[in-house]
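**Student:**
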Amino acid sequence: MNVPEYFGSNVFNDVVMRSTLPRDVYKSLRKTIDAGETIDMSIADSVANAMKDWALSKGATHYAHWFQPLTNLTAEKHDSFIEPVGGDAVIMQLTGKSLTVGEPDASSFPSGGTRATERARGYTAWDPTSPAFVKEGTLYIPTIFISYTGETLDKKAPLLKSMTAIDRAAKKLLHLFGIETAKVNTTVGPEQEYFLVDKDMYEKREDLILTGRTLFGTRPPKGQEMDDHYFATLKPRVAEFMKDLDETLWKYGVLSKTKHNEAAPAQHELAPIFTTTNVAVDNNQLTMEIMKKVAANHGLACLLHEKPFRGINGSGKHNNWSLSTTGMNLLDPGEHPESNKLFMLILACVIKAVDKYQGVLRASVATAGNDHRLGGFEAPPAIISVYLGDELGELVDSIVLGKNYTPHKAVKGSIGVPESPIFPIDSTDRNRTSPFAFTGNKFEFRMLGSSASVADPNVVLNTIVAEAFEDAVEKLEKMLKAEGAEFESTVTAYTEKLLKKHHRIIFNYNGYGPEWEAEAERRGLLNHKNTADAVAELFKKENVDVFVRQGVYTRNEAIARANIQLENYVKTVTVEALTTIDIATKQIFPAVEKYVTVLCTALSAKKGLFSSLPTAKEEELIKKLATNNEHMMLAVEKLKSDLADMPKDETTAAMRTAHVIVPDMETVRSLADEMERLCAKEYWPLPTYYDLIFSVK
Ligand code: ADP
Ligand code: MG
């Protein structure tokens, strides 16, 4: 079968809907999907029946409400389609009610204190805007997840609410410009980085299995310094994995487009074609899950952790984000941005939102894993700033600083090889160091960790930009009421005001440079280096208010979510700490003891036989190993006792985790890593970095 034939074959997509649903039902459902109209519940039975018949034809026996609780994972509970009809017979059935509402027990999911444990009731409700699909014999129905009292318990419901908020606000803004449109959509294309290692090696590492990253390990003699992995030829096993992955994803309707080797050895990337935000979020969750499964079929383990290995690059996820309405990308500057009033106003609103809510945006990507990456040399720094590129950067500078601006033109270039085609050279270069970069017709938010759900940063982006749009409309309407106010000059004046006020967030230079931190501090920009410090921002009144005003979270929900984020952080690091203790005590300590014993036996044998043999280096090695091993166990003791008195309250516990537990673990690790460098390979109990990252041929 060729690709267009099997693309989306596991998805209840538009083609299937059109051919299986009665015409009026199809039309009604389409309206909900395209224009965001409330679903007409009277069509539910009909849709459910068509979905079920289609799922049965794909071999499904069960259905599952698929949801995204406040972990980074998805959750599902499978129910079979069987329905007894008397006389020991069953039929296969999916009612409208079962399609639209589910009632999983919610008590074991994080709720951040929004709900007492004994009040376990939670509901899942169908999200008709994201397509259902069949996987491994089950019909998956994308849903939102809410509590009995109506509080959202997932990432999907607020995401949809944030999409509604920005749709509403953007339409008001467009209306001011005389543009009427049914719906403004946010689109997202998440580029996904990952590592592939040999599964046998992976399974020998308790740390990789339990925490997703190596808690011990020293850099091999060769890392990524030769730049010989980035975009390099794919190794056969990797190429086979990628082919299988693409084919599987295509069957699930995921628009997998680009694949290549990344900078670090064993690191790769997959980028899909962008799509509507909530579908992009679902597809990215599915992509991460399928990556792991397909890898296992190829004898590989796929690592999605932000920093699986120390000393080489970690993995991120780039959230390409844009706004569009029928036939129009609102972030497209066109050929003459300087005279494109609407674009310049939208740009100024985004800049304002990012500056004003930089703390919220930073917090939306804060996790224990990402703490190892942000500010590392390969990832954007922990400081939020906006990169505009040469063209827009100069244009904005001309407005704010009164500098001269000469419009750029995409020039026709030639590389000087007669056979090569003439190609247009972009009017702006790329800047890989920026956390929030304008890239032609979209913004690329690059701070996300590779394992993160893309929902969180998009909830924030949509909400804060919606707020900036609403503010703009309100202010402009007022300004336009004034005597003699003229539309264009009023818009220009307001845009300039925003750009001047928020100019400090724009940084068009090297974000990795050491000068930037000092400069950012001078500008008053935030620089939170760990999750505990970053999430603290979310409790500030103005940062809660924006979500409440935009109808995305209630006050309770906003606070609960911040608490859950801290709780997740503490739990993640605690598991890492316990695993550190376990590996140090049960694997590394005994292994080094064994090696030291062998060295000592050899040494005393040598001394007994030939007292004149030189043994200084041997003695030195024994002393070094024995001392480090002892010190490592002392560090383990300290880590244990610090873990034993963790405070109950999330904020204090998170602070203690960041500032006591993480440094404690670091001490254990550095002593162990030094021993790894000294210990004979056959005695070292863990597969080394060399074994892990150079093992896939
Ligand atoms: P790069 O590595 O240069 O960032 P890629 O091609 O790997 O480029 O990724 C670019 C991503 O941006 C793709 O996922 C692409 O679909 C996405 N993208 C392009 N246009 C838009 C848009 N208007 N809205 C959202 N995402 C977009
Ligand atoms: Mg990119």
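If you use numbering that gives the first Met the number 0, the sequence shown corresponds to residues 0 to 696, in order. Virtual Cβ for every residue (Gly too), placed ideally from N, Cα, C.
1. Measuring CB atoms only, is the segment 455-464 touching the segment 154-166, in the sense that at least three cross pairs come out at less than 8 angstroms?
2. Give me the residue from I140, F80, D126 and S106 with the minimum Cα distance to E721.
3. When burial is assigned at 16 or more other CB atoms within 10 Å of the CB, is V635 buried or exposed?
4. Measuring only the C-alpha atoms, how far is S18 from W249?
5. Under the three-state reduction of DSSP, which class applies to C301: helix, strand or coil?
6. Is the distance from the Cβ of T68 to the Cβ of L152 below 8 angstroms?
7. Would N529 pass as a contact of A657 if the rule is Cβ separation under 8 angstroms?
8. Counting along the chain, where does the alpha helix (DSSP H) carrying S97 start and finish?
9. Touch check for the segment 192-210 and the segment 501-518: three-plus C-beta pairs under 8 angstroms?
10. Go through its chain and collect everything with a Cβ distance to F609's Cβ below 7 angstroms, but skip five positions before and after it.
11. Tell me the DSSP secondary structure of Q223 in three-state form.
12. Where does M0 land, buried or exposed, given buried means 16+ other C-beta within 10 angstroms?
13. Does DSSP classify M645 as helix, strand or coil?
14. Does the distance between the C-beta of F546 and the nearest non-hydrogen atom of ligand 1 fall short of 7 angstroms?
15. According to DSSP, which residues form a beta bridge with Y515?
16. From the DSSP output, which residues share a beta bridge with M327?
17. Could you check whether I140 and W53 sit closer than 8 angstroms to each other, using their CB atoms as the reference points?
18. Helix, strand or coil, according to DSSP, for W683 in the structure here?
19. Cβ of D273 versus every heavy atom of ligand 1: is any distance shorter than 7 angstroms?
20. Could you tell me which whole alpha helix (DSSP H) segments of length 4 or greater appear in the segment 592-667?
21. Given a cut-off of 8 angstroms, decide if A378 and Y568 are closer than it, judged by their beta-carbon atoms.
22. So L537 packs on A561, CB below 8 angstroms; how close in whole Å?
23. Can we count G188 as close to ligand 1, meaning its CB is less than 7 angstroms from some heavy atom?
24. A365: buried (16+ other C-beta within 10 angstroms of its C-beta) or exposed?
25. Who are the near neighbours of H228 in its chain, counting only those whose CB is closer than 6 angstroms to its CB and skipping five residues on each side?
26. Distance check for T438 and D331, CA to CA, integer angstroms please.
27. Can you grab the Cα-Cα spacing for the pair N555 / N542, in whole Å?
28. With G510 as the anchor, note down where its beta strand (DSSP E) starts and where it stops.
29. Taking L254 as the reference, give the member of F6, P646, M645 and T60 with the closest Cα.
30. If you drop the 5 nearest sequence neighbours on each side, which residues of the same chain put their C-beta closer than 7 angstroms to that of V15?
31. Please confirm whether A156 and I145 have their CB atoms less than 8 angstroms apart.
32. Per DSSP, what kind of secondary structure is M91 in: helix, strand or coil?
33. Can F320 be considered in contact with ligand 1, in the sense that its beta carbon sits closer than 7 angstroms to one or more heavy atoms?
34. Quick check: the Cα distance between G333 and N339, rounded to an integer number of angstroms?
35. Measure the alpha-carbon distance for L391 versus V399 and round it to whole angstroms.
36. My guess is that R361 and L525 are in contact by the Cβ rule of under 8 angstroms, so how many angstroms apart are they, rounded?
**Tutor:** With the given structure in hand:
1. Taking 8 angstroms as the limit for Cβ pairs, the verdict is that the segment 154-166 does touch the segment 455-464.
2. What is shown of the chain runs 0 to 696, which leaves residue 721 out entirely.
3. Burial call: buried.
4. Using only the alpha carbons, I get a separation of about 21 angstroms.
5. In the three-state DSSP reduction, C301 falls in the strand class (E or B).
6. A small correction: the amino acid at residue 68 is Pro; Thr does not occupy that position in the sequence shown. A contact, by the Cβ cut-off of 8 angstroms.
7. Yes, the Cβ-Cβ distance between N529 and A657 is below 8 angstroms.
8. Run containing S97: G95 to T99, per the alpha helix (DSSP H) assignment.
9. Flag = no, the segment 192-210 and the segment 501-518 do not touch.
10. Closer than 7 angstroms at Cβ, skipping near neighbours: no residue.
11. Here Q223 sits in coil by DSSP.
12. Only exposed fits M0, as fewer than 16 other CB atoms lie within 10 angstroms of its CB.
13. In the structure shown, M645 sits in coil (DSSP, three-state: anything other than H, G, I, E or B).
14. Taken from the Cβ of F546, every heavy atom of ligand 1 lies 7 angstroms or farther away.
15. According to the sequence provided, residue 515 is Trp. The question's Tyr does not apply to it. According to DSSP, W515 bridges with nothing at all.
16. Paired residues: T324.
17. If you check the CB distance, W53 and I140 do not come in under 8 angstroms.
18. The answer is coil: DSSP assigns W683 none of H, G, I, E or B.
19. A small correction: the amino acid at residue 273 is Phe; Asp does not occupy that position in the sequence shown. In this structure, F273 has its CB closer than 7 angstroms to one or more heavy atoms of ligand 1.
20. Here the runs fully enclosed are 615-643 and 649-655.
21. In this structure, A378 does not lie closer than 8 angstroms to Y568 by Cβ.
22. 4 angstroms between Cβ atoms; contact.
23. Yes, the beta carbon of G188 sits closer than 7 angstroms to at least one heavy atom of ligand 1.
24. Counting Cβ neighbours within 10 Å, A365 comes out buried, since at least 16 surround it.
25. The answer, listed in chain order, is N260 and P264.
26. About 10 angstroms.
27. The alpha-carbon of N555 is positioned some 13 angstroms away from that of N542.
28. That residue, G510, is in no beta strand (DSSP E); it is neither H nor E in DSSP.
29. With distances taken between CA atoms, L254 lies nearest to F6 out of F6, P646, M645 and T60.
30. Cβ within range, chain order: W53.
31. Contact: yes.
32. DSSP, read as helix, strand or coil, puts M91 in strand.
33. The sequence shown places Trp at residue 320, rather than the Phe named in the question. Shortest gap from the CB of W320 to any heavy atom of ligand 1: under 7 angstroms.
34. CA-CA distance, G333 to N339, rounds to 8 angstroms.
35. Approximately 12 angstroms, taken between the alpha carbons.
36. Correct: roughly 6 angstroms between the Cβ atoms.
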